[in-house]
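Participant:
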Amino acid sequence: MYEKKNTILIVDDEEEIRKMLNIFLDVMNFKVMETGLGKQAVRLASSVKPDLIVLDLGLPDMDGTEVIKSIREWSQVPIIVLTVRSEDEDVAAALNMGADDYITKPFGVEVLLARINANLRKWAVREVGEPDAVNGPIRMNLVRHEVYINNEKVPFTPKEYDLLRYFMVNLGRMLTHKQILKQVWGNAHADDTQYLRVYIGQVRAKLEKCPGLGELIVSEAGIGYRMDAMPTDELEKAA
1 MYEKKNTILI
11 VDDEEEIRKM
21 LNIFLDVMNF
31 KVMETGLGKQ
41 AVRLASSVKP
51 DLIVLDLGLP
61 DMDGTEVIKS
71 IREWSQVPII
81 VLTVRSEDED
91 VAAALNMGAD
101 DYITKPFGVE
111 VLLARINANL
121 RKWAVREVGE
131 PDAVNGPIRM
141 NLVRHEVYIN
151 NEKVPFTPKE
161 YDLLRYFMVN
171 LGRMLTHKQI
181 LKQVWGNAHA
191 DDTQYLRVYI
201 GQVRAKLEKC
211 PGLGELIVSE
221 AGIGYRMDAM
231 PTDELEKAA
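Each residue of the sequence shown is one higher than the last, beginning at 1 in this note's numbering.
1. Which residue marks the beginning of the beta strand (DSSP E) containing Gly224, and which one marks its end?
2. Give me the Cα-Cα distance between Glu130 and Asn141, rounded to the nearest whole angstrom.
3. Going by DSSP, what residue range makes up the alpha helix (DSSP H) through Ser75?
4. How many whole angstroms separate the CB atoms of Asn135 and Met174, which I take to be in contact at a CB cut-off of 8 Å?
5. Please tell me whether Lys209 and Ile149 are closer than 7 Å, where the distance is taken between their beta carbons.
6. Return the CA-CA distance between Asp162 and Pro60, expressed in angstroms with no decimal places.
7. Is it buried or exposed for Asn151, if we count other Cβ within 10 angstroms and need 16 for buried?
8. Taking buried to mean at least 16 other C-beta atoms within 10 Å of its own C-beta, is Thr65 buried or exposed?
9. Just how far apart, CA to CA, sit Ser47 and Glu215?
10. Helix, strand or coil for Glu152, going by three-state DSSP, please let me know.
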């Protein structure tokens with residue numbers, strides 16, 4: 001129940017393809033969102049914050065390249081184009097607009113799965129330089145969305161995971177309340193500081209599986225929070 005799954009947003013106007021991918025990716029332990037419209041895809045990319053987008057170019061309300069352009073104004077989420085367009089100029093246009101990968105239809109689902117996993121790994125490495133984010137005994141597998149404390153897996157809810165991930169990726173940086181709320185919950189919750197305080201308490205409590213780890217998340221009154229790196233002399237004590 002608490003496992004955080006990678007969220008894949010499928011954008012394709014063919015219902016049969018959306019259904020097929022939904023079933024296949026669900027079996028592969030992904031959470032799937034879907035739409036057949038470009039404008040809704042842009043809205044979902046902002047509100048749901050998927051981990052990866054599979055995008056058709058031939059959409060009824062706007063071209064897929066425009067979807068890429070809109071999303072790239074504020075997000076670097078991996079985008080895999082999945083389309084019947086196979087001409088070099090179409091491939092070049094999508095990649096130049098900011099797509100990360102390009103697959104032509106018809107396609108094999110195993111190939112798509114391999115491309116999805118490869119792009120998720122690249123995205124994790126792009127954020128922190130490697131697939132894992134580490135702070136002392138805390139280790140987050142950014143590809144599988146798992147949290148370990150002293151090599152023991154600890155269950156985090158999806159929002160708890162997203163909150164801890166944001167701190168770990170921005171280790172040592174002071175993050176304002178608005179920054180955290182917008183990144184983890186979206187613009188609609190930018191002023192819900194009490195909401196944030198509750199979740200900070202929950203994350204600290206889970207980190208306390210190793211006594212003292214919760215104190216690494218430091219509050220600055222009226223400003224926000226930061227996660228400190230564990231001091232070197234404390235590492236052996238936490239082991």
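Glycine residues also receive a C-beta, built at the ideal position from the N, C-alpha and C atoms.
Facilitator: Looking at the atomic coordinates:
1. Counting from 1 along the sequence shown, the entry for residue 224 is found at position 224. Boundaries of the beta strand (DSSP E) harbouring Gly224: Gly224 to Met227, taken from the DSSP string.
2. The sequence position of residue 130 within the sequence shown is 130, counting from 1. The sequence position of residue 141 within the sequence shown is 141, counting from 1. Rounded to whole angstroms, Glu130 and Asn141 show a C-alpha spacing of 9 Å.
3. Counting from 1 along the sequence shown, the entry for residue 75 is found at position 75. Note, Ser75: premise wrong, no alpha helix (DSSP H); not H, not E.
4. Working through the sequence shown from its first residue, we reach residue 135 at position 135. Working through the sequence shown from its first residue, we reach residue 174 at position 174. At roughly 16 Å, the Cβ-Cβ gap does not stay under 8 Å, so Asn135 and Met174 are not in contact.
5. Numbered from 1 along the sequence shown, position 209 holds the residue referred to as residue 209. Numbered from 1 along the sequence shown, position 149 holds the residue referred to as residue 149. Yes.
6. Walking along the sequence shown from the start, residue 162 turns up at place 162. Walking along the sequence shown from the start, residue 60 turns up at place 60. The alpha-carbon atoms of Asp162 and Pro60 are separated by roughly 33 Å.
7. Within the sequence shown, the letter at position 151 stands for residue 151. Exposed: under 16 other Cβ atoms inside 10 Å.
8. Working through the sequence shown from its first residue, we reach residue 65 at position 65. Looking at its Cβ environment, which holds 16 or more other Cβ atoms inside 10 Å, Thr65 is buried.
9. Locating residue 47 in the sequence shown gives position 47, counting from the first residue. Locating residue 215 in the sequence shown gives position 215, counting from the first residue. A direct Cα-Cα distance of roughly 30 Å separates Ser47 from Glu215.
10. Position 152 of the sequence shown, counted from the start, is the residue given in the question as residue 152. Strand.
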